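Colleague: Our numbering puts the first residue of the sequence shown at 5, with every later residue one more than the last. The structure follows.
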Amino acid sequence: MVSTPREQVFKERQSRDKGVIEDHRLMELHLYPGNQCNRDCDFCTVFGSPKGWYTDYTATHLDAALHSVMTHEQGAIKFYGGEPTLNHENVIWAVGYLRDHGFQGAIVVYSNGIQAERLLAILEADPLGKTTASLNYSIATGDGAPQMPLSSLRKLETYERANRGEIAIGHPDIVDSGRGVDPFTGEAARPKNNHQCPHCYPVLKTDGQFHACPFAVENKSPHFQLGTVDDSSETVTQNFQRFLTWLDTVHEPYAVEHDLPACTVCWKHIQQLPTPEFVSQQESYSLDGDIKSEG
Ligand SMILES: C[S@@+](CC[C@H](N)C(=O)[O-])C[C@H]1O[C@@H](n2cnc3c(N)ncnc32)[C@H](O)[C@@H]1O
Ligand code: SF4
Ligand code: SF4
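Laid out in C-alpha cells, this is it:
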C-alpha cells in the first residue's frame, strides 16, 4: 500500500541537464560494483540478487572516474549497484578517496535503505557534507515491492527531517530493462512506455568498462561499450557523444517505427541495429575536431 506521509518526508530527486560534456569530462558519472543485493525486485533493471556479482572499488577505478567526470562543484558521481550498503566500508573509503583527490561535486548513493544505519554512515563520512541518498521508490513506499522494515524507514525519516534534502526518493517510473516491466505488480498508473531514451549518463563498472547506460549495465552488447579505464577521457566522452547521436538517429526512429518503448529496443531488439560509430582506442580527435590516429 502506498503511504502518503512517507512521500511527504522524502522529496523526489530532480534530474539535471542531459549529455553535458566540458573539456572531455562528463557532468555526471555512475559507479557500479556489480548487482549483488539483499533484495531481488521483480522489476530490477540490473538483475539485483544476493547471488549477484560484486567487485570492490579500487584506486585505479576511482582515478579513471576522476579523469572522466567534472571535478568542480557542477560534477556528480552516483554510486549504485546492486546495493551499496552491503559493502559500505568500501563505499566510505571511495568517498574519502574522491574527496582526497579533489572531487568537489555532489555524490549520490542509490540505496534500498534497508541497512539504514550503514546508509547514514556513508552520508556522514563525506568531509564536504555533499553526499546524499536516493531511495528506491518501491521499497520506500511498498508499491511494487515489499516495503523496507519500518525500523529502517523511521531512522531514514528522522534523519531527513533533521537534515533536509539529504535523503530523496527515486522516480516511480519502471522501464523495460533487465527483469523489466512484465512481472511488475505496482500501480498500473505508473508510467512505463516511451519511445525516447531518457539519455542517462554513463557508468564506470569495477571490471574497468565504461558502459553507456545505467539501466542496461548488465547488457553486454557492443552498442554500449564506450571504452575502459585504459582509454583517455577524450575517447570515452567522444564515444558517449556518438552513442547519444545513435540514440537520436538510429534507436529512436526504430522505436517509433515499431511502436516499442525505448528500453525494450535496447533489451530485445538491439542486435537488429548497427552499433554507434565509436572511435577506437587508437583514434581520437585533435583539438580542431579532425580525427587523427594515435598509433
Ligand atoms: C538498480 S537500483 C540500485 C540501487 C538500490 N539497490 C536501489 O534499489 O535503489 C537503482 C535504481 O534503479 C531503479 N530501478 C530498478 N529497476 C528499474 C526499472 N525496471 N525501471 C526503472 N527504475 C528501476 C530502482 O528503483 C532504484 O531507484
Ligand atoms: S532495484 Fe535495487 S533493491 Fe531491488 S533488486 Fe535491484 S538493486 Fe536490489
Ligand atoms: S533506451 Fe536503452 S540506453 Fe536509453 S535508458 Fe533505456 S536501456 Fe538505457
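Think of the CB as a built atom: it goes at the ideal place given N, C-alpha and C, for glycine as much as any other residue. Only a predicted model underlies this, so the values are computations on that prediction, with no experimental measurement involved.
Taking its Cβ as the centre, do 16 or more other Cβ atoms sit within 10 Å of R20, making it buried, or is it exposed?
Modeller: exposed
Colleague: So is G86 buried or exposed if we call it buried at 16+ other beta carbons inside 10 Å?
Modeller: buried
Colleague: Looking at C-alpha atoms only, which residue of H227, P218, G133, P150 is the closest neighbour of C45?
Modeller: Cα-wise, what sits closest to C45 is P150.
Colleague: Would the beta-carbon of P202 be found less than 7 Å away from any heavy atom of ligand 3?
Modeller: yes
Colleague: List the whole-angstrom C-beta distance separating I173 from F47, where the pair is believed to meet the contact cut-off of C-beta under 8 Å.
Modeller: Your pair I173 and F47 does not check out as a contact, with CB atoms roughly 16 Å apart and the cut at 8 Å.
Colleague: Is it right to say Q242 is buried, meaning 16 or more other beta carbons lie within 10 angstroms of its own, or is it exposed?
Modeller: With 16 or more Cβ atoms within 10 Å of its Cβ, Q242 is classed as buried.
Colleague: Sort D60, R246, K82, Y101 by Cα distance to H34 and report the nearest one.
Modeller: K82
Colleague: For A3, which residues of its own chain have a beta-carbon under 8 Å away from its beta-carbon, when the five flanking residues on both sides are left out?
Modeller: There is no way to answer for residue 3, as the model of the chain reaches only from 5 to 299.
Colleague: Quick check on V260: buried or exposed, where buried means 16 or more other Cβ atoms within 10 Å of its Cβ?
Modeller: exposed
Colleague: Could you have a look at R183 and say whether DSSP puts it in helix, strand or coil?
Modeller: DSSP, read as helix, strand or coil, puts R183 in coil.
Colleague: Alpha carbon to alpha carbon, how far is D147 from P187? Give it in angstroms, no decimals.
Modeller: Because the pLDDT at P187 is just 41, under 50, the model does not fix this residue reliably, and the point stays unresolved.
Colleague: CB-CB under 6 Å to P218, same chain, minus the five flanking residues each way: which ones, in chain order?
Modeller: Excluding sequence neighbours, P218 sits near H34, C204, V207.
Colleague: What do you get for D234, buried or exposed, if any count of 16 or more other CB atoms within 10 angstroms of its CB means buried?
Modeller: Exposed, because fewer than 16 other Cβ atoms sit within 10 Å of the Cβ of D234.
Colleague: Figure out for me which residue from Q18, G52, H28 has the closest Cα to the Cα of E222.
Modeller: The residue with the shortest Cα to Cα distance from E222 is G52.
Colleague: Could you tell me whether any non-hydrogen atom of ligand 3 is closer than 7 Å to the CB of S225?
Modeller: no
Colleague: Considering only residues of the same chain and omitting the five flanking positions on each side of D292, which have a CB-CB separation below 7 Å?
Modeller: Confidence in D292 is poor, its pLDDT being 39 and thus under 50, which makes the residue's placement too unreliable to answer from.
Colleague: Work out the CA separation of I25 and T239 for me, nearest whole Å.
Modeller: 12 Å
Colleague: For N140, is the beta carbon positioned less than 7 Å from some heavy atom of ligand 2?
Modeller: yes
Colleague: What does the Cβ neighbour count give for E161, buried or exposed, with the cut at 16 atoms within 10 Å?
Modeller: buried
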